[in-house]
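So the sequence shown is numbered by our numbering: it starts at 1344 and just counts up by one.
The structure appears below as C-alpha cells.
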Amino acid sequence: MRGIRPRQKIVQADWKGYMAQRAQQAKNPALQQFFGTPLPDPETPISEVPMVALDMETTGLDERRHAIVSIGLVPFTLNRIKLAERRYWVVNPSRPLAEASITYHHITHSEIAQAPDLDEILDELLAQLAGRLVVVHFRNIERPFLNAAVKARRGEGVLFPMIDTMSLEARMHRQTLWARFRRWLGRPPVSIRMHASRERYGLPPYQGHHALVDALATAELLQAQIATHYRPETPLKDIWC
C-alpha cells in the first residue's frame, strides 16, 4: 500500500458477522432487508466495490438534541460517478430551526414545513444503501445521526461499515512521523476538512453545506485518495471502519 505504513492500519470490527447477526435479529422489514443484503467481502479489492457517497445536513452537532434536515446520495465506483442515480431529500426535523442552522445549510422554515418526515423516505434510503459501501467525510456525524433517527422511528438502530475520507486524510497527515514532527515544532496540524483535502488533490472547489453537492465531493475525494495513496487491489478491510 503506497504511502501508508503497515503499523498505521486500524483494528477492524467484524462487520460481516455483525450484519449477519442483525439480519437475524431485526424486526422491521426494511431493516431486515437492509441487513440481509450482503456487503462485499472484506477481502474484495476496492476497485470492485460498489459504493455510495452519503452526506447529511443537520440542525446541530449533537444527535441527542438535533436532527437531520437533508440527505444526499451519489452511487459510484473508483472509475465512475453515477450522477443519474443520485438522490436528495429535504426532511422535516420536527423541531424549530435555529437561525445559525439556516445560515449554515440554507434550508428554510418554509422548505421543511412542506418536507416529509424521515420515516416517509427511510425505506427508499435504506434500499439505496443496501449492498453498497457507504462513503462519508467524518463518520461522527452520519453514523450517530442516522442511527438515532432510525431508532426513534423504527425502534431499532442501524449501524454499518463506512469508508471515511476524513479518516483516510488523518492517516496520511495527522498520524505519521512527519505530522508528529510538525507538532513538535509547534506548527498547526494539516487541515483534513473537505475543502482543504480536495485542494491537495487538485479537485475543484464546490459550494459546501449542501448534502448532494457534499456527497459528490466526497465521492471524488475518495477516488483521488485511492489513486494517489493506494492500489486498486487494496482490500476493503484496509480502509473501512
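Each residue gets a CB set at the ideal place from its N, CA and C atoms; glycine is no exception.
Item: Segment contact, 8 Å Cβ cut-off, at least three pairs: the stretch 1557-1564 with the stretch 1412-1419; Value: yes
Item: Status (buried if at least 16 other CB within 10 Å, exposed otherwise) for F1524; Value: Caution is warranted here: a pLDDT of 48 is assigned to F1524, below 50, making its placement in the model unreliable, and the coordinate value is therefore given only provisionally. Classification of F1524: exposed, given that the 10 Å Cβ count is below 16.
Item: Buried or exposed (CB count within 10 angstroms, at least 16 for buried), P1372; Value: exposed
Item: W1583 - containing alpha helix (DSSP H), residue span; Value: Segment: none, W1583 is in no alpha helix (DSSP H) and carries neither H nor E.
Item: Through-space distance from H1572 to M1362, alpha-carbon basis; Value: 29 Å
Item: S1413 - containing beta strand (DSSP E), residue span; Value: I1411 to F1419
Item: Cβ shell of Y1549 (< 7 Å), same chain only, five flanking positions each side left out; Value: V1556 and A1560
Item: Nearest residue (CA-CA) to G1360, options F1503, E1563 and R1574; Value: F1503
Item: Rounded straight-line distance, which links the Cα of A1356 to that of C1584; Value: 7 Å
Item: Ordered list of beta strand (DSSP E) runs contained in the stretch 1451-1514, each at least 3 residues; Value: 1476-1479 and 1505-1507
Item: Environment of L1426 [buried if 16+ CB atoms lie within 10 Å]; Value: exposed
Item: Beta-carbon gap between F1488 and T1577 smaller than 8 Å; Value: no
Item: Other residues of its chain near F1481: CB distance less than 6 Å, five sequence neighbours each side excluded; Value: M1509
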